[in-house]
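Have a look at the structure below before the remarks.
Protein chains in written order, with the numbering used here: chain A, 138 to 327; chain B, 124 to 189.
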């Protein structure tokens, strides 16, 4: 961090960090705590900032550690049901002969959606419609960038359960975004 | 694993391939299936897009209202 990165300037990243934490933790209190701890750590550890990445990237890195700590704590206190998850509910996506019941459609310029605030809101709504543990495993994988082995360990589920959850998340999110964003006329054309 | 996959089996492998190394027979079976299956080709690119979208989350600074 350069000398110019005062606590006040770090503070302006709070809303961004809070959104990130909320998507993973789905609990405002826990998300605010994680962000608060992140900003405090950043202020204390300002001299450790290498200046090679942006301040925001550095802050997100600290936040990820705080979130993982929180997940560990929660899974110790309230372990997930360890019942085998064979993903039987996923049968609904397919016909009896194994074809897609509803084939995925062509999405118009998906990359442009990444510039749109409303796209991320649609994504948030789709994530909220997933079973809680499925969404949690998916954001650990794709938002936090954790390896599957770590996710299984933290959630105390088998590796195959983990793969099924991630598969369910991708199938469901794909279908949800297609319906609520890409084919709903929300995405920009062309 | 049989070389001839259904979309149900193939889509599961497409997803698992993002989380673990697939075996050679799995990869061969998947490649054969995807090469002739439009639905699974789309699923492959859409699952990859989901990964990019979560990497980009929460989007640009505009969302903070600044």
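We put the beta carbon where it would ideally sit given N, CA and C, even for glycine. These numbers were taken from a predicted model, which means no experiment stands behind them.
When C-beta atoms of the segment 299-318 of chain A are compared with those of the segment 163-178 of chain B, three or more pairs fall below 8 Å, so the two segments count as touching. Listed along the chain, the chain A residues whose CB falls inside 9 Å of the CB of residue 149/B amount to none; the nearest CB is some 13 Å away. Using a CB distance below 8 Å, the part of the segment 132-160 of chain B facing chain A consists of 132, 134, 135, 138, 139, 141, 142 and 143, ordered along the chain.
For residue 233/A, no alpha helix (DSSP H) segment is defined, and its DSSP state is neither H nor E. By the neighbour-count criterion, in which 16 or more other beta carbons inside 10 Å mark a residue as buried, residue 242/A falls on the exposed side. Neighbours of residue 127/B in chain A, taken as residues whose beta carbon is under 7 Å from its own, are absent, since the nearest beta carbon is some 10 Å off. Counting only unbroken stretches of 4 or more residues, the alpha helix (DSSP H) elements lying wholly within the segment 272-319 of chain A are 285-292 and 296-314, in sequence order. It is roughly 23 Å from the alpha-carbon of residue 229/A to the alpha-carbon of residue 159/B.
Note that the C-beta distance between residue 267/A and residue 306/A is below 9 Å. In summary, residue 240/A is exposed, with fewer than 16 beta-carbon neighbours lying within 10 Å of its beta-carbon over all protein chains present. By a beta-carbon distance limit of 8 Å, residue 171/B does not contact residue 153/B. Their separation comes to about 14 Å. In this structure the segment 139-152 of chain B does not lie against the segment 247-266 of chain A, because fewer than three pairs of beta carbons, one per stretch, are closer than 8 Å. Listed along the chain, the chain B residues whose CB falls inside 7 Å of the CB of residue 285/A are 142 and 143. Among the residues of chain B, those whose CB is under 8 Å from the CB of residue 241/A are 162, 165, 166 and 169, following chain order. From the beta-carbon of residue 244/A, the residues of chain B found nearer than 9 Å are 165, 168, 169 and 172. CA-CA distance, residue 172/A to residue 247/A, rounds to 30 Å. In terms of Cβ geometry, residue 180/B and residue 260/A form a close pair [threshold 9 Å]. Membership of residue 256/A in the alpha helix (DSSP H) is indicated by the continuous run 254-265.
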